[in-house]
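Peer 1:
Residue numbers (UniProt numbering): 1 to 400.
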């Protein structure tokens, strides 16, 4: 029955996307079928094939070891406050958010010296040929496996003004449905396994193109660019400048996340205080409103309400609030539930991201501000769909 429910869930998500499409008549069901098959194969390789499992494990260990190197910087600056085993205990702002500074600097370095650009270019070319999409939109979709929703468009910023509305939708959806490498350390510190996060990231490019092309099919002829040249250097004068800027950006990101969590967690407490008069909690409301999606992921019993609560927290608040809750209980969940729930929460798609996405990309291409503002809300819903489709497909694979 779990297989049937998950299959019904995939059909339901596609149907909902079709209903809110800007041009239902132009939706290509051939593209939908192709993308779903490719996603299913990716999930099968990563979750069920021994070689794929080994690759995920090795990469996960490698990335985790790299992320842990940031601990040296935290220990130097904060001393025992950076050690969760010290008498001071766990300090979220330092031990979870602090490592974002190191990872942001590292990503900026890899960005500047062209390592990320090289990977994005060749994977992007393959994705473009497979899905019949332009190189520019394919590159951005792939870049969102590593970069944030406003960082990846920088790689192709000089081509943004030539992009069609459908291509812009791919940029928005892939940004909303993805995670930045810079904040993976934060999720891991909350107790989320790196393997699960890597599987989710790998499924972003194809999933984003699928969702974006349903929401806004490609009806205009896109401008084919023979050799897309990505901007790796940006405004940085040299490697040291790139690292310094990355660290500064990471500090701003950590502060912004911390500030948002203070506000959101406090507002949740306020809402619960008010709802307590009626014997309710915000978590209970989320659980029941979003429970149908938990059911359609093949969850059973109390896990249906758990998934509803997590999805509601992610959409209305942000993914950190949801991951914090999941991290506290993930060890008590079975493998399938933990994996599917994690993947369903991955991505920046929430209400607070709407303004960030429009303003961040509009800076690179002011001419597209109107287009971005018109598309962004449905793109946010699309970002949620990317994560949920990935979760449902992985959920099906785990059953065999």
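Every residue, glycine too, gets a C-beta built ideally from N, C-alpha and C.
These figures come from a predicted structure and were not determined experimentally.
Measure the CB-CB distance between residue 261 and residue 272 and report whether it falls below 7 Å.
Peer 2: Not in contact: residue 261 and residue 272 (Cβ atoms no closer than 7 Å).
Peer 1: So, with DSSP's three-state summary, where would you put residue 357?
Peer 2: Residue 357 falls in the helix class under three-state DSSP.
Peer 1: Are the beta-carbon atoms of residue 81 and residue 91 separated by less than 7 Å?
Peer 2: Taking 7 Å as the Cβ cut-off, residue 81 and residue 91 qualify as a contacting pair.
Peer 1: For residue 26 versus residue 176, is the C-beta distance shorter than 7 Å?
Peer 2: No, the pair does not count as a contact, with Cβ atoms beyond the cut-off.
Peer 1: Nearest by alpha-carbon distance to residue 259: which of 352, 50, 4 and 2 is it?
Peer 2: That would be 352, whose Cα lies nearest to the Cα of residue 259.
Peer 1: Could you check the C-alpha separation between residue 341 and residue 299 for me, to the nearest Å?
Peer 2: Distance between the alpha carbons of residue 341 and residue 299 is about 9 Å.
Peer 1: Using alpha carbons as the reference points, say which of 161, 328 and 241 lies closest to residue 371.
Peer 2: It is 161.
Peer 1: At the level of alpha carbons, what is the spacing between residue 256 and residue 321?
Peer 2: Distance between the alpha carbons of residue 256 and residue 321 is about 14 Å.
Peer 1: Kindly list the residues whose CB is nearer than 7 Å to the CB of residue 247, restricted to its own chain and excluding five residues on each side of it in sequence; keep chain order.
Peer 2: If we look at residue 247 and ignore the five residues flanking it on each side, its Cβ neighbours are 101, 104 and 105.
Peer 1: Determine the contact status of residue 189 and residue 96, defining contact as a CB-CB distance below 7 Å.
Peer 2: Yes.
Peer 1: Let me know if residue 69 comes out buried or exposed under the rule of 16 or more other beta-carbons within 10 Å of its beta-carbon.
Peer 2: Residue 69 is exposed by the Cβ-count criterion.
Peer 1: I need the boundaries of the alpha helix (DSSP H) containing residue 387, first residue and last residue.
Peer 2: Where residue 387 is concerned, the enclosing alpha helix (DSSP H) stretches over 369–397.
Peer 1: Considering only their Cβ atoms, is the gap separating residue 200 from residue 170 smaller than 7 Å?
Peer 2: No, Cβ-Cβ distance for residue 170 and residue 200 is not below 7 Å.
Peer 1: What do you get for residue 186, buried or exposed, if any count of 16 or more other CB atoms within 10 angstroms of its CB means buried?
Peer 2: So residue 186 counts as buried.
Peer 1: I'd like the span of the alpha helix (DSSP H) that includes residue 307, first residue to last.
Peer 2: First-last of the alpha helix (DSSP H) with residue 307: 302–312.
Peer 1: Which residues in the same chain as residue 315 place their Cβ atom closer than 6 Å to its Cβ, once the five residues preceding and following it in sequence are excluded?
Peer 2: Excluding residues within five positions, the ones whose Cβ falls inside 6 Å are 350.
Peer 1: Taking the straight line between their C-alpha atoms, what separation do you get for residue 301 and residue 287?
Peer 2: Distance between the alpha carbons of residue 301 and residue 287 is about 12 Å.
Peer 1: Report all residues from its chain with a CB closer than 8 Å to the CB of residue 397; omit the five preceding and five following residues, and keep chain order.
Peer 2: Taken in chain order, the residues that qualify are 40, 43, 44, 47 and 48.
Peer 1: Provide the residue span of the alpha helix (DSSP H) that contains residue 153, from first to last.
Peer 2: No alpha helix (DSSP H) holds residue 153; DSSP gives it neither H nor E.
Peer 1: Residues in its own chain within less than 7 Å of residue 312 by CB, not counting five upstream and five downstream?
Peer 2: Closer than 7 Å at Cβ, skipping near neighbours: 286, 289 and 290.
Peer 1: Quick check: residue 204 and residue 178, are their CB atoms within less than 7 Å of each other?
Peer 2: Yes, they are a contact pair.
Peer 1: For residue 409, which of 76, 206, 334 and 61 has the nearest alpha-carbon?
Peer 2: Nothing in the structure corresponds to residue 409, since the chain is present only between 1 and 400.
Peer 1: Do residue 184 and residue 146 count as a contact pair if the criterion is CB distance below 7 Å?
Peer 2: No, the pair does not count as a contact, with Cβ atoms beyond the cut-off.
Peer 1: Does residue 209 pass the burial test, meaning 16 or more other C-beta atoms within 10 Å, or should it be called exposed?
Peer 2: So residue 209 counts as buried.
Peer 1: With distances taken Cα to Cα, identify the nearest neighbour of residue 236 among 66, 369, 389 and 111.
Peer 2: The option with the nearest alpha carbon to residue 236 is 111.
Peer 1: Would you mind reading off the limits of the alpha helix (DSSP H) that contains residue 15?
Peer 2: Run containing residue 15: 2–19, per the alpha helix (DSSP H) assignment.
Peer 1: Who are the near neighbours of residue 367 in its chain, counting only those whose CB is closer than 7 Å to its CB and skipping five residues on each side?
Peer 2: So the list reads 161, once near-sequence residues are dropped.
Peer 1: Since residue 394 contacts residue 333 with CB under 8 Å, what's their CB separation in whole angstroms?
Peer 2: Rounded, the Cβ-Cβ distance is 15 Å, inconsistent with contact.
Peer 1: From the DSSP output, in three-state form, read off residue 218 for me.
Peer 2: In this structure, residue 218 counts as coil in the three-state DSSP scheme.
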